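Numbering-wise (my numbering), the sequence shown opens with residue 3 and increments by one. Don't be surprised by glycine CBs; every beta carbon is placed ideally from N, CA and C. The structure displayed is predicted, hence computed values, not measured ones.
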Amino acid sequence: DSQGVPVIPGGKTCRFILTQHEDNTREFSAERFVAELVDTKIFPSTYSQARHIHLSTSLPQNYIAWIEFLSDKTRATISADAFETFALQYPQESILALNMSSLIFINEAEANILEQHGTLRTDIPWVLKKGAGGASYLDGTKEINIKANKIDAIETTGAGDVLAGAFLALLSNGFETE
3 DSQGVPVIPG
13 GKTCRFILTQ
23 HEDNTREFSA
33 ERFVAELVDT
43 KIFPSTYSQA
53 RHIHLSTSLP
63 QNYIAWIEFL
73 SDKTRATISA
83 DAFETFALQY
93 PQESILALNM
103 SSLIFINEAE
113 ANILEQHGTL
123 RTDIPWVLKK
133 GAGGASYLDG
143 TKEINIKANK
153 IDAIETTGAG
163 DVLAGAFLAL
173 LSNGFETE
């Protein structure tokens, strides 16, 4: 479904450049072009009926703009995914954006970075991504731990997005976290 994805004549598509090293460290840069802008006019009205809206890999400033826009347009769960580079570059904005969401996806490194700059809400659910250690769903005093299958990972880019997509698809299809 490509509703809400406009073609901007002469506009350039966002380009992420991610170099992953053998020790699993990464270097990141981006040419954002049209993705630099938040255009709330492109939000299709049919999306207001969605149960879940997920914001992934975008500037935390963009998350904030989208969450402010969506807060009175939908009753959906709005989830936001932290991104390590942005946590380092924009820690306060990252904390604000995540705290404005109703479900946080975050890995341990991102949580540690942001913990040095402020407090993330603990009264909303988290999906804590642990790489080879699996993931944990945290909601108040409830914790559900899921182990990861052992694999020889060649490239982990997008793994968190896949986890978020799978988790939200399960929720959309009636999976209960209780």
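Give me the residue from the options with the minimum Cα distance to residue i.
i: R123; options: S96, G136, T179; result: S96
i: P11; options: S31, F18, V36; result: V36
i: E38; options: D154, P62, P93, Q94; result: P62
i: Q5; options: G13, S31, V40, T48; result: T48
i: A84; options: W128, I44, E29, F71; result: W128
i: F18; options: F30, V7, N26; result: F30
i: C16; options: R28, I115, R34, T42; result: R34
Assign residue i to one of two classes, buried (16 or more other C-beta atoms within 10 Å of its C-beta) or exposed (fewer than that).
i: A82; result: buried
i: A171; result: exposed
i: I106; result: buried
i: N26; result: exposed
i: N175; result: exposed
i: A89; result: buried
Under the assumption that residue i contacts residue j (Cβ atoms under 8 angstroms), give the Cβ distance between them as a whole number of angstroms.
i: A150; j: A134; result: 6 angstroms
i: Q22; j: E112; result: Contact flag wrong, Cβ pair sits at about 16 angstroms.
i: G136; j: I148; result: 5 angstroms
Please confirm whether residue i and residue j have their CB atoms less than 8 angstroms apart.
i: T76; j: A52; result: yes
i: A166; j: S58; result: yes
i: T179; j: D141; result: yes
i: K132; j: G162; result: no
Let me check you understand the geometry: is the CB of residue i closer than 7 angstroms to at least one non-hydrogen atom of the ligand GDP?
i: I146; result: This structure lacks the ligand GDP, and indeed carries no ligand of any kind.
Residues in its own chain within less than 8 angstroms of residue i by CB, not counting five upstream and five downstream?
i: Y92; result: L61, P62, Q63
i: I69; result: L57, I80, A82, A99, M102, S103
Keeping to the same chain, check which residues put their C-beta closer than 6 angstroms to that of residue i; ignore five residues upstream and five downstream.
i: V40; result: N64, A67
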